[in-house]
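Structure first, commentary second.
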Ligand SMILES: [Zn+2]
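In our numbering, the protein residues as written are 690 to 800.
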């Protein structure tokens with residue numbers, strides 16, 4: 690039996706969750722998106738990313754590898770990209786998550 694997956698903390702939802710053709714789109718989970726955002730967009734190290742997402746460094750490496758593979762599939766194979774789902778918990782912004790990566794500008798207000 691698979692061990693239940695611990696929730697990964699994310700600081701916001703993607704402002705642009707869909708790209709390209711809908712049919713046969715690659716599905717990127719929200720934690721995979723967050724790993725790409727934190728490391729490739731914000732420039733955090735794997736260690737810093739693990740701290741912000743509240744997971745182990747090993748887990749971050751796995752999430753990141755899966756995310757890169759999916760992004761590569763989407764751009765090389767010309768497939769669409771849909772960002773949704775995953776075992777995540779949205780941070781409550783009551784305190785900064787560190788490294789200046791958590792801010793209101795990242796929040797997709799759905800209220
Ligand atoms: Zn946050």
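Where a beta carbon is used, it is the ideal one built from N, C-alpha and C, also for glycine. These numbers were taken from a predicted model, which means no experiment stands behind them.
Cβ shell of residue i (< 8 Å), same chain only, five flanking positions each side left out
| i | result |
| --- | --- |
| residue 706 | 771, 772 and 773 |
| residue 786 | 698, 700, 741 and 780 |
| residue 801 | There is simply no residue 801 to check, as the chain begins at 690 and stops at 800 in what is shown. |
| residue 762 | 715 and 768 |
Distance between beta carbons of residue j and residue i, contact taken as under 8 Å
| i | j | result |
| --- | --- | --- |
| residue 696 | residue 777 | 6 Å |
According to DSSP, residues forming a beta bridge with residue i
| i | result |
| --- | --- |
| residue 699 | 779 |
| residue 757 | Answer by DSSP bridge pairing: none, since residue 757 is not bridged. |
Any non-hydrogen atom of ligand 1 closer than 7 Å to residue i Cβ
| i | result |
| --- | --- |
| residue 786 | yes |
| residue 730 | no |
| residue 782 | yes |
| residue 738 | no |
N-terminal and C-terminal residue of the alpha helix (DSSP H) that residue i is part of
| i | result |
| --- | --- |
| residue 727 | Run containing residue 727: none; DSSP gives neither H nor E here. |
| residue 716 | First-last for residue 716: 715-717, but that is the beta strand (DSSP E), not the alpha helix (DSSP H). |
Start and end residues, beta strand (DSSP E) containing residue i
| i | result |
| --- | --- |
| residue 744 | Premise fails: residue 744 is in no beta strand (DSSP E) and is neither H nor E. |
| residue 770 | 770-772 |
Contacting residues, own chain, Cβ-Cβ under 6 Å from residue i (five flanking each side not counted)
| i | result |
| --- | --- |
| residue 710 | 769 |
| residue 643 | Since the displayed the chain opens at 690 and closes at 800, residue 643 lies outside it and no answer follows. |
| residue 743 | 698 |
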